[in-house]
Amino acid sequence: MDVFLESLREAGRLLVSGDGYVWQILLLSLRVSGAGVLLGLLIGLPIGIAVGLLRFPGRGLVISLIHTGFALPPVVVGLFVYMVFSRSGPAGHLELLFTPAAMIIAQALLAAPYVAGISMAAVQAVPPDVRLQARGLGASPARALRTHLAEARLGIFAAVVAGFGAVISEVGAVMMVGGNIAGETRVMTTAIVLETRRGNFATALAFGLVLLFLAFVVNALLTRAQQARTRAGVHRPFA
Amino acid sequence: MTPSGETPSADAGNEPLLCAERISRAYGERTVLRDVSLELERNQVLAVLGPNGAGKSTLFRILLLVEAPDAGRVLLDGRQVSTGHAEARRRIAGVFQRPWLFRGTALANVAYGLRARGMSRREAESVCAPVLDALGLTELADMPADALSGGEAQRVALARALVLRPEVLLLDEPTANLDVTAQRRFREDLEHLVRAHARAAIVVTHDAAEAFALADRVAVLENGAITQAGAPAELVGAPATSFIAAFTGAELLLDGLVEAVEGEDLLAVRVSAGALLRGRLAEGHEQPVVGARVHVAYRPEDVTLGPADREASTSAVNRIPVVVSSVVPTGGLVRVRLDGAAPLAALLTRGSADALGLTRGVPATAYLKAAALRVFPA
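In order, the protein sequence lines correspond to chains A and B.
Residues in the first sequence are numbered consecutively from -14, following this note's numbering.
Residues in the second sequence are numbered consecutively from 51, following this note's numbering.
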């Protein structure tokens, strides 16, 4: 029991003291996972919307692939990105391996299936008659699509939240392509692994608590944004 | 000036405003519409009347230019238009059966089409104001759409189309989601509002009362095909199919076999309960052969009743001895069910029912003119 109390105290101390080491890791985690989710949105959202709205041959296969992506092991993604960016790989000349950029790319690939799958479901849950009704009032195809997506907004926010949750907590991919270099590519999860191996359980647990707290704060902010958008939609008549 | 194929719309006065030509549509194996043709004149309200599953909503979407037919074409002012025709789509507005309100306030919903046409927010609001007022929605303008009741949402959905002052207004089952009282009130509003805001309208409905209340002309859609089109009085007076006869209020049908062909279109039919009735062949049908199965349709108001023991002075060829099985007051009239060699129903005034002393078990004679019985091949 002592180790837990000790860790809690340590966690508090680390956060309050503004320890440079901790804060640097925390900010890098946010940066990598934030950028990873954004990039994942750019990839996953168009796919999710297109698959949700369009009917085309092979659609079932695409959906299965997206859902398989939910179970994508981070180490496999890490391996893939590693091979692409390794010295002998096709993008080796970019020298991105063991940089935050490689970590962002790996996390984007992990987040994209979540974003695609959940936004697809959200878009599909809106009855097609909504878009037809918009068209029936003279809306252009683009405006009718915007109206349709606005109806799916809560689900699309959920896709962002799920995508962020998937990447902020993963360790396999960032470890493989980032290398856990102190001050350069060390993030919360890789720091936890390292401190645990060193036997610094208190520090590791402290990082764990900080990570949880971070996830909570980010999700709280996202939820607030989501609900605020709903309220704004209500009060701003011509949004 | 001779009209040419490229008649400008200003000269198109003789053309129907909206015209569907031999529209067909199938979903996979299932044919929903077959060779449907319709014409909508200016200043006309046309009802498309049909049972559920007849293809009404598909026809609605095709006429609204949000779905393309497999075959046939839609003409607006004599010119072919399609789903990609932005200018044509803006002359037509439609209200779906379910009031699909969008995110935002009631006002934002009503202004949606105007904003889609590039109107400024301020201008759109001023255009919406009188329509909101006419529909009793002014108080609700700032309410979020998802907080509105079913009836309110339906009115917002209608207002959303009316503010556009469309040349063709299309309504799919406009009162289907309302309770009976709200239906009656909404229907009265509708008749007035549609004529005030739209040049012409098509109301798609399964409700004959609604079709007759709103429309100048009714087209009946059965199993994906138009079976009759005409003024309400024409449909009631000379229904082309047994379905239309049932739909338009002569809901009373008897089954029987043709026993003799007695004249140009006069048939003697032995109904299954035993009576031999003489009726006219419904217009537009082939003369059935003796022994053919037929339906005989009549209106309860065409049945007259007399005492059983005394011959009434009437020219009616059908005289059927009956026994009263029930007497049900309906408003100012009394509906009397009759058992006998032809089970019938009659609609009488309360006065004549009392004068005949009609109560359960009383024998009587029912009279029906041959012209009041329409015979349809089964």
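We put the CB at the ideal spot given by N, CA and C, even for glycine.
| said: Please report whether the beta-carbon of V82 (chain B) lies at a distance below 8 Å from any beta-carbon of chain A. | reply: no
| Nearest to A392 (chain B) by CA position, among B:L303, B:R360 and B:G381, is which residue? | B:L303
| request: Under 8 Å between beta-carbons, which chain A residues line up against F146 (chain B)? List them in chain order, please. | output: D114, L117, Q118 and G121
| field | Delimiting residues of the alpha helix (DSSP H) encompassing R40 (chain A) | value | No alpha helix (DSSP H) contains R40 (chain A), which DSSP labels as neither H nor E.
| message | Please report the straight-line C-alpha distance between D389 (chain B) and V377 (chain B), rounded to a whole angstrom. | response | 12 Å
| request: Verify the CB distance criterion: does R210 (chain B) have a CB-CB separation below 8 Å to chain A? | output: yes
| Candidates A:G54, A:V60 and A:I90: closest to A101 (chain A) by CA position | A:G54
| query | Whose Cβ in chain B lies nearer than 8 Å to the Cβ of T188 (chain A)? | reply | Those within 8 Å of T188 (chain A) in chain B number zero; the least Cβ separation is about 47 Å.
| message | Three or more C-beta pairs under 8 Å: does that hold for the stretch 91 to 106 of chain A against the stretch 12 to 23 of chain A? | response | yes
| message | For R444 (chain B), which residues in the same chain have their Cβ closer than 6 Å to its Cβ, ignoring the five residues on either side in sequence? | response | Because chain B spans 51 through 428 in this model, residue 444 (chain B) falls outside it and cannot be assessed.
| Exposed or buried, which one is H133 (chain A) when buried takes at least 16 other CB atoms within 10 Å? | buried
| DSSP puts D85 (chain B) in a beta bridge; with which residues? | In the DSSP output, where bridge partners are listed per residue, D85 (chain B) has none listed.
| task | Label D305 (chain B) either buried or exposed according to how many other C-beta atoms from any shown protein chain fall within 10 Å of its C-beta, with 16 as the threshold for buried. | result | exposed
| said: For a cutoff of 8 Å on Cβ pairs, would you count S104 (chain A) as touching chain B? | reply: no
| request: Evaluate D222 (chain B) with the Cβ neighbour count: other Cβ atoms within 10 Å of its Cβ, from every protein chain shown; 16 or more gives buried, anything less gives exposed. | output: buried
| query | Going by alpha carbons, who is nearest to L30 (chain A) out of A:S104, A:P42, A:V66 and A:T175? | reply | A:S104
| query | Exposed or buried, which one is S176 (chain B) when buried takes at least 16 other CB atoms within 10 Å? | reply | exposed
| message | Give the list of continuous alpha helix (DSSP H) stretches no shorter than 4 residues that lie fully inside the stretch 73 to 136 of chain B. | response | 106 to 113
| Would you call the stretch 318 to 330 of chain B and the stretch 270 to 284 of chain B in contact, with 3 or more CB pairs under 8 Å? | no
| said: Using 8 Å as the cut-off, can you tell me whether the stretch 150 to 168 of chain B makes contact with the stretch 113 to 127 of chain A, which would need three or more C-beta pairs spanning the two stretches below that distance? | reply: yes
| Environment of D120 (chain B) [buried if 16+ CB atoms lie within 10 Å] | exposed
| Minimum Cβ-Cβ distance from R128 (chain A) to chain E less than 8 Å | No chain E is present in this structure, whose protein chains are A and B.
| task | Figure out for me which residue from B:A136, B:S107, B:Q130 and B:D183 has the closest Cα to the Cα of F146 (chain B). | result | B:S107
| field | For A358 (chain B), the nearest candidate out of B:G280, B:T380, B:N273 and B:L408 (CA to CA) | value | B:L408
| Start-end ranges of the beta strand (DSSP E) lying completely within the stretch 137 to 211 of chain B, minimum 3 residues | 142 to 145
| What's the call for A210 (chain A), buried or exposed, on a 16-neighbour Cβ count within 10 Å? | exposed
| Which chain A residues are close to L114 (chain B), counting only those with a beta carbon under 7 Å from its beta carbon? | G121
| query | Using a C-beta to C-beta distance shorter than 9 Å, which residues of chain A count as neighbours of A136 (chain B)? | reply | G123 and S125
| message | Using CA atoms only, rank isn't needed, just tell me which of B:S402, B:R424, B:A342 and B:L125 is closest to T354 (chain B). | response | B:S402
| task | Report the neighbours of T132 (chain A) on chain B: residues whose CB is nearer than 7 Å to its CB, in chain order. | result | F152
| Which one of B:A416, B:R343 and B:G381 has the shortest CA to CA distance from S365 (chain B)? | B:A416
| Along the chain, where does the beta strand (DSSP E) that runs through T399 (chain B) open and close? | L394 to T399
| request: To the nearest angstrom, report how far apart E217 (chain B) and R349 (chain B) are at their CA atoms. | output: 38 Å
| Can you tell me where the beta strand (DSSP E) with V384 (chain B) in it begins and where it stops? | L383 to G390
| said: Using a Cβ-Cβ cutoff of less than 7 Å, which residues in the same chain neighbour E180 (chain A) once the five nearest sequence positions on both sides are dropped? | reply: T188, A189 and F192
| Based on the DSSP secondary-structure assignment, which residues constitute the bridge partners of P371 (chain B)? | B:T415
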